[in-house]
Amino acid sequence: MNLYTPSSQNTWLFQVAAALSVDALEAFRRALDEMVGRRHDVFHSTFRRGVVYNLNRTLGVPCNTRPVLPWMHGTEIFYSLKRVRTFVGVV
98 MNLYTPSSQN TWLFQVAAAL SVDALEAFRR ALDEMVGRRH DVFHSTFRRG VVYNLNRTLG
158 VPCNTRPVLP WMHGTEIFYS LKRVRTFVGV V
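Numbering (my numbering), first residue to last: 98 to 188.
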């Protein structure tokens, strides 16, 4: 079967995109699990009463500030993602 025929190409691409999305979420979940495993209270000061706060006590994640301010956990999440070991995903 040719996966690149016009009738099946979009379906195949959609299936690959969906599978890669599932794999990305699994990698992100593993990274967060690793962070919480190392320090169980890593997000304790961030989430209070269902609201997100930063170290400087601002509400939410400031996305539109100039200059851009990184989220207080951004660097740690980045390095935790880099430490995720290879796993067998959907793709």
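Idealized CB from N, CA, C, for every residue including glycine.
Quick caveat, the model's predicted, so the values are computed rather than measured.
Chain-order list of residues whose beta-carbon lies under 6 Å from that of residue i (same chain, five-residue window excluded)
| i | result |
| --- | --- |
| T172 | none |
| I174 | none |
| R146 | none |
| R182 | none |
Beta-carbon gap between residue i and residue j smaller than 8 Å
| i | j | result |
| --- | --- | --- |
| V187 | D120 | yes |
| A128 | L178 | yes |
7 Å CB neighbourhood of residue i in its chain, flanking five on each side removed
| i | result |
| --- | --- |
| P159 | L166 |
| T102 | Here the model assigns T102 a pLDDT of 49, short of 50, so the residue's position is not dependable, and the following value carries that caveat. Within the same chain, T102 has no close Cβ partners at all. |
Alpha helix (DSSP H) segment containing residue i, residue limits
| i | result |
| --- | --- |
| G176 | Checking the sequence shown, residue 176 turns out to be Tyr, not Gly. Counting along the chain, the alpha helix (DSSP H) containing Y176 begins and ends at G171 to R180. |
Identified DSSP bridge partners for residue i
| i | result |
| --- | --- |
| L122 | DSSP output for L122 lists no bridge partner at all. |
| L156 | Y150 |
| F144 | V149 |
Proximity winner among the options, relative to residue i (alpha-carbon distances)
| i | options | result |
| --- | --- | --- |
| Y150 | V185, H170 and R180 | H170 |
| W168 | L122, V133, L117 and F140 | F140 |
| S142 | G134, L152, R136 and R135 | L152 |
8 Å Cβ shell around residue i - same chain, five flanking residues per side excluded
| i | result |
| --- | --- |
| E123 | F184 and G186 |
| L52 | The displayed coordinates of the chain run from 98 to 188. Any statement about residue 52 would go beyond what the structure contains. |
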